[in-house]
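Reading the sequence shown from the start, the letters are residues 77 to 235 in the numbering used here.
Report on the following structure.
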Amino acid sequence: MKRHLVASAVGVGTGNEEATGGPLGGTQAPLAWGGLARTRAASNKPNLALATPRLWTHTVVLTGDLNRHSAHTLEAEIERLCEDGVTGITLDLRELTRIDSIGVAVIAFRCDLCTRRGYDFALIRGSRLVQRAFERAGLGDKLPFREVEVEEQITAQAQ
């Protein structure tokens with residue numbers, strides 16, 4: 077299993093905040109409070125700014141066989157990523173040589189669990205042999221498979 081990190085940050089604003097006096101406009105007057113310089117609108121109304129969410133997606137490239145002997149490693153890695161604060165996980169199945177029913181079940185369970193917890197979860201399709209295992213389990217159309225081109229575009233936009 078290879079680990080790949082893809083991070084992206086989302087900012088709020090137009091890039092012209094200085095000219096307008098901040099993301100919501102208005103003139104700014106410095107306010108010293110507790111030793112820290114802060115700004116407040118000159119009209120004594122609070123200056124509100126949207127919090128910048130930190131988006132962090134992580135791609136895990138699965139290699140070799142995913143079976144009852146190796147499935148616990150995948151589960152532990154996904155759980156660790158969730159604890160580290162990622163917002164999305166993508167499993168890249170292109171380098172996976174084989175997957176058994178336990179491996180399919182682990183991926184389906186983790187996909188459902190991550191989605192219920194509010195994480196983005198996606199899969200990049202593997203070989204025909206790997207995809208057949210998902211189809212035999214009746215999950216070929218139920219799991220969030222992405223095409224490679226879409227995943228590469230998301231990665232390029234994040235950098």
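C-beta: ideal position from N, C-alpha, C; glycine also.
Residue i: buried (16+ other C-beta within 10 angstroms of its C-beta) or exposed?
{"i": "residue 133", "result": "buried"}
{"i": "residue 179", "result": "buried"}
{"i": "residue 217", "result": "exposed"}
{"i": "residue 135", "result": "buried"}
Measuring only the C-alpha atoms, how far is residue i from residue j?
{"i": "residue 176", "j": "residue 203", "result": "14 angstroms"}
{"i": "residue 201", "j": "residue 170", "result": "6 angstroms"}
{"i": "residue 141", "j": "residue 161", "result": "27 angstroms"}
{"i": "residue 191", "j": "residue 214", "result": "19 angstroms"}
{"i": "residue 222", "j": "residue 205", "result": "17 angstroms"}
{"i": "residue 144", "j": "residue 224", "result": "27 angstroms"}
{"i": "residue 187", "j": "residue 173", "result": "20 angstroms"}
{"i": "residue 157", "j": "residue 208", "result": "28 angstroms"}
{"i": "residue 197", "j": "residue 211", "result": "19 angstroms"}
Since residue i and residue j are thought to touch, with beta carbons under 8 angstroms apart, how far apart are those beta carbons, to the nearest angstrom?
{"i": "residue 150", "j": "residue 184", "result": "At roughly 12 angstroms, the Cβ-Cβ gap does not stay under 8 angstroms, so residue 150 and residue 184 are not in contact."}
{"i": "residue 168", "j": "residue 138", "result": "7 angstroms"}
{"i": "residue 195", "j": "residue 163", "result": "6 angstroms"}
{"i": "residue 182", "j": "residue 147", "result": "4 angstroms"}
Say yes only if the C-beta of residue i is nearer than 6 angstroms to one or more non-hydrogen atoms of the ligand MG, and no if none qualify.
{"i": "residue 169", "result": "Among the components of this structure there are no ligands whatsoever, and the ligand MG is therefore not found."}
From which residue to which residue does the alpha helix (DSSP H) around residue i run?
{"i": "residue 160", "result": "147 to 160"}
Taking residue i as part of the beta strand (DSSP E), name the residues at either end of that continuous run.
{"i": "residue 168", "result": "164 to 168"}
{"i": "residue 238", "result": "Nothing can be reported for residue 238, as the shown portion of the chain is limited to 77 through 235."}
{"i": "residue 174", "result": "172 to 175"}
Practice prompt. Could you tell me which uninterrupted beta strand (DSSP E) segments, each at least 3 residues in length, are contained entirely in the segment 178 to 234, listed from first to last along the chain?
Written response: 196 to 200
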